[in-house]
Every structure is written in structure tokens, then in C-alpha cells.
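Undergrad: Sharing a structure, written as C-alpha cells. Questions coming.
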Amino acid sequence: MSTFKEAFELEKVGPSTFKGIYPLKKPIPEARGAYGGNIAGQAVLVGMRTVPDGFSPNSFHSLFVKGVLDQIPMVWEVEENSNGRNFCSRTIRGIQDGKVRYIVEISFTKNNSLKQAEINHQNYLNKKVQQAAERSGKEVDDEDDDELDDLVQKPFYFLTPYPEWLKEATEDDLIRKEDTPLFLDHKFPRQFVSLKGTEYEEEIAPSERRMSYFGRIGDGTTKLESPDLQYVAVAVISDAVFLAELARVFRVRKENLKPYFSVSLDHHMYFHDTDFDCTDWIGFAFRAVRFVNNRVLLEAEMYNSDGQHFATIFQEGLVHLNGLLDSKL
2 MSTFKEAFEL EKVGPSTFKG IYPLKKPIPE ARGAYGGNIA GQAVLVGMRT
52 VPDGFSPNSF HSLFVKGVLD QIPMVWEVEE NSNGRNFCSR TIRGIQDGKV
102 RYIVEISFTK NNSLKQAEIN HQNYLNKKVQ QAAERSGKEV DDEDDDELDD
152 LVQKPFYFLT PYPEWLKEAT EDDLIRKEDT PLFLDHKFPR QFVSLKGTEY
202 EEEIAPSERR MSYFGRIGDG TTKLESPDLQ YVAVAVISDA VFLAELARVF
252 RVRKENLKPY FSVSLDHHMY FHDTDFDCTD WIGFAFRAVR FVNNRVLLEA
302 EMYNSDGQHF ATIFQEGLVH LNGLLDSKL
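So the sequence shown is numbered by the numbering used here: it starts at 2 and just counts up by one.
Given below as C-alpha cells:
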């Protein structure tokens, strides 16, 4: 396979059953199974193949039940839970060798574009103003427009601010790392790869230390052939770094880093907007909000090229530190 689309392509093998054309790849040869972002990405694509046009994911909740083999394709069974006018939902099970290895619940919505909501609001106001002018037989002035603003509420929203590391970063500060087999490209701020200049973190609780970097699909020339693939790309980007880089949250120097074991237990995505392009640089910021009983809960935000927060990610991972924190001593 040579393209992002081919890596996730599906064939329909039954009324509610799909099968991957190719096996899903491992992130590294020694990994336990296929890369979690690829598993989630293909599950997203399966779900989108079963909903009417105009629907896109608004939430995605998954459990990694067993390791996904990278030698054989995944078989996906879909259960339709609901089919409403504005929302619908699907349960999807990923199966290999007759065993369920991945379970997903996806909710889809028909209206998830803030930009379109703002356009619709403005069009509504324009129509009301015009109707008022026609009834009164007079030209519309600014005061008329202000009165109508009170009748129709503008879309209300707030969002998590863009990370300071990414605001301040220049190209000279960023360290590039490509992962061609997974179609991933990353740029890391100097604060991410070195502790120099981040001594202030010692005064911040580990749960409040916010790490950030850039990620995208492809090398800058890549184009995704369909809107569905943008959601696949979010899944691929969203699972790529944060659990593997947990040591940075603990402020362990790279030269003292001891190997530790980590594996994803689940993966959750919330899509707040449709305005993003994963072939552009996507901002990614995360923090570890809780660590206990060998499990860490990670929370992250994803930002489009305009710095707007368009997705939120949660993941719990099983982690055995194997003396990792001794590296700080």
C-alpha cells in the first residue's frame, strides 16, 4: 500500500460487516500489536460508511480488549443503535481469529460546523431585516439590525486557549520527526525535548504540566481524498505521542531515561467542529491528570491551523514505570 487511503480501505462482506483490505501496521517492530491510532482510525471509517450523508462523528469511545494482530486484516461488525434526524449511533466490534479485540461506540451528528452555524445565523438576520423592510416600506438602518440581534441568539462557545509553547515556537526551535510507515510527521518545541528553560515546572504539580507539539498526516504535499479520511487522520494523530512520552511529564532527562512499559486501555475522542485539515500542522497539547494503581489518565486538545480547539482526547494507559522515576535521582 502506498497511500493513506489504501492503508485503511475496507470491503463490505455482509449487510453489517466490513473487512480491512490490508492488516493494520505496528508503530514499532517490538510493539505488542497494531498501532492504536490506526485501529481507531479504521473504526471511524467503518462507522462513517454506515450513516447517511451529512453526518460526522461528534464522539468516539473505545476499549482495547486484546492486542490487534498486524498479520491479518480486521473484521468489523456494526450494530445500528439509533438513526435520528440529527443524531445517530453505532456499536462497532473489531474481530480477528473469532475474538473481539476492539469495541467502539460512535455518536454522529448532522450539524457540527461552527462556521456554518454563524453563516446560518447571519443569513437568518439578513432575511428578518429584509422582511421588516418590506413590511414597513422603508430602508433598513443599523438600528433595525441591532433590534433583530436580540431576537436570534448568536452561536455561543468558548474553548481551551492555544498552548504557549506553540505560540512562541519558531521553525528554528522545532525538532522534526517523521514516521513514514504511519504517515505521521511531527515537530516538537525545544521545551518538549529538553528540560532546559522549563525549570518553572518544578513548582507545578505533575497533573498541571501541559506538554504540546505539532503533528500532521503526510509531508506537506499529501491530500486526503475524502472528508471521511480527515476523521481517520484525527484518530491516527491523536494516539501517536502522549503515552510514549509520559517521562517528559515527570521531567526525566533523556540521557537518564530507563525503559518502561505502557499500553493503551481505551481511547476517546470528542469532535467539537468540522473546521480542520490534518494535512496541515495540527497543534496537540496534553497533560496527565491522574496517575494511580499503574494507570495514567491523559487528556488532550487538538487545534487547527488557525489555533482553534476542534477536538478533545482522553486515554487511560497501563504503565509499569520499572524504576523510571529513579532516573531523576
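Using N, Cα and C, we set each Cβ at its ideal position, and we do this for glycine too.
The structure presented is a predicted model; accordingly, all values stated were derived computationally and were not measured.
Under 6 Å Cβ to Cβ from residue 232, same chain only, skipping five residues before and after it: list those, please.
TA: Closer than 6 Å at Cβ, skipping near neighbours: 45, 58.
Undergrad: Enumerate in chain order the residues of its own chain whose CB-to-CB distance from residue 282 is below 8 Å, with the five nearest sequence positions on each side excluded.
TA: Closer than 8 Å at Cβ, skipping near neighbours: 188, 215, 216, 217, 306.
Undergrad: What are the partner residues of residue 20, as DSSP defines its beta bridges?
TA: Note: residue 20 sits in a beta bridge opposite 12, 76.
Undergrad: DSSP three-state call for residue 276: helix, strand or coil?
TA: Correct three-state label for residue 276: coil.
Undergrad: Can you check which of these residues, 202, 78, 65, 205, is closest to residue 14 by C-alpha distance?
TA: Measuring from the Cα of residue 14, the nearest candidate turns out to be 78.
Undergrad: Can you give me the Cβ contacts of residue 185 inside the same chain, cut-off strictly under 6 Å, excluding the 5 residues immediately before and after it?
TA: These residues qualify, in order along the chain: 241.
Undergrad: Should residue 295 go down as buried or exposed, given a rule of 16 or more other Cβ atoms within 10 Å for buried?
TA: Classification of residue 295: exposed, given that the 10 Å Cβ count is below 16.
Undergrad: Hey, quick one: how far does the beta strand (DSSP E) through residue 185 stretch, first residue to last?
TA: Run containing residue 185: 185 to 189, per the beta strand (DSSP E) assignment.
Undergrad: Curious, which full-length beta strand (DSSP E) runs of at least 3 residues does the segment 23 to 78 contain?
TA: Those beta strand (DSSP E) runs which fall completely within the segment 23 to 78 and span 3+ residues are 57 to 65.
Undergrad: Threshold first: 4 residues or longer. Then list the alpha helix (DSSP H) segments lying entirely within the segment 216 to 251, N to C.
TA: Counting only runs of 4 or more, we get 228 to 239, 247 to 250.
Undergrad: Run through DSSP, which three-state label would residue 299 get?
TA: Looking at residue 299 - three-state DSSP - the assignment turns out to be strand.
Undergrad: Find out if the Cβ-Cβ distance for the pair residue 213, residue 162 is shorter than 7 Å.
TA: No.
Undergrad: Could you check how far apart the C-beta atoms of residue 5 and residue 225 are, in whole angstroms? I think they sit under 8 Å.
TA: Yes, residue 5 and residue 225 are in contact; Cβ-Cβ is about 7 Å, under 8 Å.
Undergrad: Bridge partners for residue 100 per DSSP, in chain order?
TA: Answer by DSSP bridge pairing, in chain order: 97.
Undergrad: Going by the CB atoms, is the gap between residue 102 and residue 95 shorter than 7 Å?
TA: Yes, Cβ-Cβ distance for residue 95 and residue 102 is below 7 Å.
Undergrad: In chain order, what residues of the same chain have a beta carbon less than 6 Å from the beta carbon of residue 28, not counting five sequence neighbours either side?
TA: Same-chain partners within the cutoff: 36.
Undergrad: How big is the Cα-Cα spacing for residue 237 and residue 39?
TA: Distance between the alpha carbons of residue 237 and residue 39: 6 Å.
Undergrad: Return helix, strand or coil for residue 137, following the three-state DSSP convention.
TA: The answer is helix: DSSP assigns residue 137 an H, G or I state.
Undergrad: Report buried or exposed for residue 249, applying the criterion of at least 16 other Cβ atoms within 10 angstroms of its Cβ.
TA: It counts as buried.
Undergrad: Can you say whether residue 54 is buried or exposed, counting buried as having 16 or more other CB atoms within 10 angstroms of its CB?
TA: Exposed is the call here.
Undergrad: Considering only C-alpha positions, which residue in the set 182, 252, 171, 190 is nearest to residue 204?
TA: The residue with the shortest Cα to Cα distance from residue 204 is 252.
Undergrad: Under 7 Å, do residue 63 and residue 268 count as touching if we go by C-beta distance?
TA: Yes.
Undergrad: Alpha carbon to alpha carbon, how far is residue 24 from residue 76?
TA: C-alpha separation (whole angstroms): 10 Å.
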